[in-house]
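Peer 1:
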Amino acid sequence: MRKLALHWQILIAILLAGIVGTLIFNVREAGGLEPKLLGVAYTSIFQYIGTIFLNALRMVIVPLVMSSIIVGVAGIGSGGNLGALGGKTLFFYAATTLAAILVGLVVINAVGPGYVNGEPARDLLALEGNTADIQSAVADKGVGDVAEIFLRMVPPNIVAAAVEGQMLGIIFFAILFGYFMTKLSHDYAEPLFKFWDAVFHVMMRMTEWIMKFAPIGVFGLVAVVIAEAGLRATGPLAVFALAVLAALAVHALITLPLLLRFVGRASPIKTLVGASKALLTAFSTASSSATLPVTMECTEKNIGVSNKISSFVLPLGATVNMNGTALYECAAAMFIAQAYGLELTFGVQFSIVAIALLTSIGVAGVPSASLVAIAIILTAIKLPIEAIGILLVFDRILDMARTSGNIWGDISCATIVARLEGEETNVAL
Ligand code: ASP
Numbered sequence: 000m001r002k003l004a005l006h007w008q009i010l011i012a013i014l015l016a017g018i019v020g021t022l023i024f025n026v027r028e029a030g031g032l033e034p035k036l037l038g039v040a041y042t043s044i045f046q047y048i049g050t051i052f053l054n055a056l057r058m059v060i061v062p063l064v065m066s067s068i069i070v071g072v073a074g075i076g077s078g079g080n081l082g083a084l085g086g087k088t089l090f091f092y093a094a095t096t097l098a099a100i101l102v103g104l105v106v107i108n109a110v111g112p113g114y115v116n117g118e119p120a121r122d123l124l125a126l127e128g129n130t131a132d133i134q135s136a137v138a139d140k141g142v143g144d145v146a147e148i149f150l151r152m153v154p155p156n157i158v159a160a161a162v163e164g165q166m167l168g169i170i171f172f173a174i175l176f177g178y179f180m181t182k183l184s185h186d187y188a189e190p191l192f193k194f195w196d197a198v199f200h201v202m203m204r205m206t207e208w209i210m211k212f213a214p215i216g217v218f219g220l221v222a223v224v225i226a227e228a229g230l231r232a233t234g235p236l237a238v239f240a241l242a243v244l245a246a247l248a249v250h251a252l253i254t255l256p257l258l259l260r261f262v263g264r265a266s267p268i269k270t271l272v273g274a275s276k277a278l279l280t281a282f283s284t285a286s287s288s289a290t291l292p293v294t295m296e297c298t299e300k301n302i303g304v305s306n307k308i309s310s311f312v313l314p315l316g317a318t319v320n321m322n323g324t325a326l327y328e329c330a331a332a333m334f335i336a337q338a339y340g341l342e343l344t345f346g347v348q349f350s351i352v353a354i355a356l357l358t359s360i361g362v363a364g365v366p367s368a369s370l371v372a373i374a375i376i377l378t379a380i381k382l383p384i385e386a387i388g389i390l391l392v393f394d395r396i397l398d399m400a401r402t403s404g405n406i407w408g409d410i411s412c413a414t415i416v417a418r419l420e421g422e423e424t425n426v427a428l
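Per numbering that gives the first Met the number 0: the sequence shown ends with 428, consecutive numbering throughout.
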């Protein structure tokens, strides 16, 4: 019998997790006891399995990002067109992020989830929030304020940056390292290049192996989320969640495919199919960083972008390019501003868009990271950050969706940049 392709296995795992999670949620809600296996709650078992899988993916991140960027930059740098590739990459990252934010802005303005019968929904949402919950939700998520993002790009201690998972710092160091390798004599540069290239290949092999366990890990991760949150949906919050999903869908299914088709001269459907394993992994883990190894695998093997381009563009994108996150930040800030009855002047909306764009660059690729960025936006428009509390209800589910949006943005940009660099990929029209 032919083995089912991994992305189908993952999809089935997600659906099964949805069913099992809902069952557990219903038993709990009905006042029943926590379902257990040999005295251990099922959710704890699922959590345990999910955490092992997530840890395994995270384990390869630092060496993967270091090695792929060094190899990528050294490879391109010696050919002398690093500036051109870097410029195109950053341009598409900024352009797609801005497009995503604007979609979010338009949808939230049109739907107005923060109003009920034309009135701000402040009381209905009991906008106060538990400060302790918020503190713990935004702790260690990695953005201080907008100025700090740039400060963190230059870490005083590269080892500490690696320990703390400060990707921006690691990326900056790796870019410099790769660049200056090209300034060395051949005798020195050659062994260094071979070493980092070998590290990169080992990391990719490790990822492939870890991904064999993806269906089990994904089941654990998703089942816990559903068992804990259920699929309950009420009032303005549900409208907000649906509006965010709709906006994400517009960006993912209209904006990016149009760019792929007309700028990247690539088939959006083939690209989507090639990216599916990465998108499902992003959905299950809600972490761009943890998904990065899979993103690279899909982009190179299925879509056919060269290692030279993907190893530079994708690790950068996992941290810097977050279409879904930026869209969500803007949507969430607008929603809260509506609920507070804040007058949404051009100035306010412009601030929201600008800060969402900047902070999405600095947001770490880990679950719930955008909450910190939303706190920055709320402070800037003078609303209490406690309001973030209400977002926690749906945060995980929306995090899964926006993280897939982030990864889809990265893969689309990599495909487009590859085309602009003259590559013929497997998805070319
Ligand atoms: N979880 C997202 C990511 O890793 C970040 C966020 O929006 O919270 O891409």
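Virtual Cβ for every residue (Gly too), placed ideally from N, Cα, C.
Go ahead and pull the three-state DSSP assignment for V39.
Peer 2: DSSP places V39 in strand when its eight states are reduced to three.
Peer 1: Note down, in chain order, each residue of its chain lying with its Cβ closer than 6 Å to the Cβ of G103, except the 5 sequence neighbours on either side.
Peer 2: These residues qualify, in order along the chain: A246, L326, C329, A330.
Peer 1: Would you say the beta carbon of P292 comes nearer than 6 Å to a heavy atom of the ligand ASP?
Peer 2: no
Peer 1: Just to check, is the beta-carbon of G408 closer than 6 Å to a non-hydrogen atom of the ligand ASP?
Peer 2: no
Peer 1: Have a look at T270 and A29 and give me their C-alpha separation to the nearest angstrom.
Peer 2: 44 Å
Peer 1: Applying the criterion that 16 or more other CB atoms from any shown protein chain within 10 Å of the CB defines a buried residue, is P292 buried or exposed?
Peer 2: By the neighbour-count rule (16 or more Cβ atoms within 10 Å), P292 is buried.
Peer 1: Can you tell me whether DSSP reads A213 as helix, strand or coil?
Peer 2: helix
Peer 1: Considering only DSSP beta bridges, list what A265 is partnered with.
Peer 2: Its beta-bridge partners are A427.
Peer 1: Flag this pair as yes or no: are the beta carbons of G74 and K307 separated by less than 7 Å?
Peer 2: yes
Peer 1: Flag D398 as yes when its Cβ comes closer than 6 Å to any non-hydrogen atom of the ligand ASP, and as no otherwise.
Peer 2: yes
Peer 1: What separation, rounded to the nearest whole angstrom, lies between the Cα atoms of L56 and A289?
Peer 2: 5 Å
Peer 1: May I have a chain-ordered list of the alpha helix (DSSP H) segments no shorter than 4 residues that lie completely inside the stretch 270 to 313?
Peer 2: 287 to 296
Peer 1: Spatial neighbours of T414 within its chain, please: CB distance less than 7 Å, with the 5 preceding and 5 following residues excluded, ordered by chain position.
Peer 2: L259, G263, A265, T270, I302, V304, T424, V426
Peer 1: What's the gap between the Cα of A248 and the Cα of I335?
Peer 2: 22 Å
Peer 1: Determine the burial state of G38: buried for a count of at least 16 other Cβ atoms within 10 Å of its Cβ, exposed for fewer.
Peer 2: exposed
Peer 1: So, helix, strand or coil for Y327, using DSSP?
Peer 2: helix
Peer 1: In the DSSP assignment, the alpha helix (DSSP H) including G103 goes from what residue to what residue?
Peer 2: 81 to 110
Peer 1: Where does Y339 fall in DSSP's three states?
Peer 2: If DSSP states are grouped into helix, strand and coil, Y339 belongs with coil.
Peer 1: From what residue to what residue does the alpha helix (DSSP H) around H6 run?
Peer 2: Residues 5 to 28.
Peer 1: For F91 and T254, what's the separation of their Cα atoms in angstroms?
Peer 2: 12 Å
Peer 1: Between G421, G273, V416, which has its C-alpha nearest T88's C-alpha?
Peer 2: Nearest C-alpha to T88: V416.
Peer 1: Which residues does DSSP list as the beta-bridge partners of E227?
Peer 2: According to DSSP, which records beta bridges pairwise, E227 is partnered with nothing at all.
Peer 1: Identify every residue that forms a DSSP beta bridge with V115.
Peer 2: E118
Peer 1: Does the Cβ of G164 lie closer than 6 Å to at least one heavy atom of the ligand ASP?
Peer 2: no
Peer 1: What is the DSSP secondary structure of M205, reduced to helix, strand or coil?
Peer 2: helix
Peer 1: Would you call the stretch 194 to 211 in contact with the stretch 58 to 70, where contact means no fewer than 3 C-beta pairs closer than 8 Å?
Peer 2: yes
Peer 1: My assumption, with CB atoms under 8 Å, is that I360 sits in contact with I376. Please give the rounded CB distance.
Peer 2: So it is not a contact: roughly 14 Å between Cβ atoms.
Peer 1: At the level of alpha carbons, what is the spacing between E33 and K193?
Peer 2: Here the C-alpha atom of E33 lies approximately 54 Å from the C-alpha atom of K193.
Peer 1: Nearest-angstrom Cα distance between L313 and L53?
Peer 2: 19 Å
Peer 1: How close, in whole Å, do the beta carbons of G388 and P119 come, if the pair is a contact with beta carbons under 8 Å?
Peer 2: The C-beta distance from G388 to P119 rounds to 17 Å, too long to fall under 8 Å, and the pair is not in contact.
Peer 1: With a threshold of 6 Å (Cβ to nearest heavy atom), would N25 be considered close to the ligand HEM?
Peer 2: Because the ligand HEM does not appear in the structure shown, any question about it cannot be addressed here, the ligands present being the ligand ASP.
Peer 1: Just to confirm, does S286 get its C-beta within under 6 Å of one of the non-hydrogen atoms of the ligand ASP?
Peer 2: yes
Peer 1: Cβ-heavy atom distance between N405 and the ligand ASP below 6 Å?
Peer 2: yes
Peer 1: Using the beta-carbon count (16 or more within 10 Å), is D186 buried or exposed?
Peer 2: Exposed is the label assigned to D186, since fewer than 16 other Cβ atoms lie within 10 Å of its Cβ.
Peer 1: Which class does T358 belong to by DSSP, given the choice of helix, strand or coil?
Peer 2: DSSP places T358 in helix when its eight states are reduced to three.
Peer 1: If contacts are defined as beta-carbon pairs under 8 Å, then A374 and I351 qualify, I think. What distance do you get, rounded to the angstrom?
Peer 2: Rounded, the Cβ-Cβ distance is 13 Å, inconsistent with contact.
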